[in-house]
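S.K.:
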Amino acid sequence: MKKIIVAIAFLGSSAVVQAQTPATIIDRAAKSYADMQSVRAEFTQKLTNPLTGTTSVARGVMLRKDPNLLSVNFTDPRGDRVVADGKWLWVYLPSSAPNQVIKVPATSNNSLAMIDPGGLFLSSPSLRYAVTSSGTGTVDGRKMNVVSLVPKKANGAFTRAKVWVDAADNSVRQFEVTDLNGLTRLVTITKIEPNVSIESSEFRFTPPKNARILDSTAFSGM
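Going by our numbering, the first residue of the sequence shown is number 6, and it counts up by one from there.
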C-alpha cells in the first residue's frame, strides 16, 4: 500500500512539474488572451535605445475588441494615438512627428503585432518560438512565471523577448522585446479589465485637418 501511495504521489508531482513547462506557461497565456473578447489595459512603456544612449517613458491605455480592433491612447505624451479600425492602422504621434499621420493596411505583416502583445507573442507561441524559462518574478506584488522567446524564423518584429505571465490567472502582465537595432521596449500592464464593453467610436480615427498622411500602399504598390 505504501508503494502505491508513493507511486501516486510521484505521478502527481510529475504532472505538476510538467504543467509548468515554459511552453505550457506561454500556451496558457495565449488561451487566456484568446478568451478575452475585449480588454482595457493601462500600461507604462520604457524605450531604451543603445545607439543614442537614451531612455524614454510613456503611459497610456490600450483597448482591444475582437476580431481586429485596437486603440492605444497615450496619456503621456498626451495626444499620441494608434488606432486599428479593422481596415487600416493609423499612427499619429504629434509629440515626435507633428502634423503627420502614418496609414498602414491592418493586415500588413507585423503591423498590429508591434503594438498588440496578443499579436506579438500569443498566436501559436510554442510553434513560432523557442521557449525557455527565465524563472519567476513579481509585477506589482503578483507572482509571475517568466519565459524567454526567440523566433524560430525571423519575423521582423523582435530578435528576443521576455514575458511575465501571471501565475494566478495566466495573463501577460509585462513583456520586454529587443529589435534588430537593439532597441528595447519594456511594457508593464498596470491595470487590466477583460471582457468590458467598449464603444465602437473608440476605434475610429479622423486625421487632423491639413495633416500630412503617409500611406504605405503608395510606396508598396498595393
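Virtual Cβ for every residue (Gly too), placed ideally from N, Cα, C.
Which residues does DSSP pair with Asp171 in a beta bridge?
M.R.: Mapped onto the sequence shown, residue 171 falls at position 166. Asp171 is bridged to Met149.
S.K.: If Gln50 sits next to Ala63, beta carbons under 8 Å apart, how far is it from one beta carbon to the other, in whole angstroms?
M.R.: The residue given as residue 50 occupies position 45 in the sequence shown. The residue given as residue 63 occupies position 58 in the sequence shown. About 5 Å separates the two Cβ atoms, so the contact holds.
S.K.: Can you tell me the Cβ-Cβ gap for Asp145 and Arg69, rounded? I've got them flagged as a contact below 8 Å.
M.R.: In the sequence shown, residue 145 corresponds to position 140, counting from 1. In the sequence shown, residue 69 corresponds to position 64, counting from 1. No, Asp145 and Arg69 are not in contact; Cβ-Cβ is about 21 Å, not under 8 Å.
S.K.: Grab me the residues of Arg165's own chain with a C-beta within less than 6 Å of its C-beta, minus the 5 sequence neighbours each way, in chain order.
M.R.: Looking up residue 165 in the sequence shown gives position 160. Counting only Cβ-Cβ distances below 6 Å, and skipping sequence neighbours, we find Val155 and Thr183.
S.K.: Report the three-state DSSP secondary structure of Ser76 (helix, strand or coil).
M.R.: Position 71 of the sequence shown, counted from the first residue, corresponds to residue 76. Residue state, collapsed to three classes: strand.
S.K.: For Leu94, does the count of other Cβ atoms within 10 angstroms reach 16, so buried, or fall short, so exposed?
M.R.: Translated into positions along the sequence shown, residue 94 becomes position 89. Label assigned to Leu94: buried.
S.K.: Smallest Cα separation from Val177: which of Ser221, Thr137, Ser128 and Ile194?
M.R.: As a position in the sequence shown, residue 177 is number 172, starting the count at 1. Out of Ser221, Thr137, Ser128 and Ile194, Ile194 has the C-alpha closest to the C-alpha of Val177.
S.K.: According to DSSP, is Asp220 helix, strand or coil?
M.R.: As a working note, residue 220 is residue 215 in the sequence shown. The answer is strand: DSSP assigns Asp220 an E or B state.
S.K.: Going by beta-carbon coordinates alone, are Arg147 and Asp174 separated by less than 7 Å?
M.R.: Taking the first residue of the sequence shown as position 1, residue 147 is located at position 142. Taking the first residue of the sequence shown as position 1, residue 174 is located at position 169. Contact flag unset, no.
S.K.: Along the beta strand (DSSP E) that carries Ala135, what are the first and last residues, could you check?
M.R.: Counted from its first residue, the sequence shown places residue 135 at position 130. First-last of the beta strand (DSSP E) with Ala135: Tyr134 to Val144.
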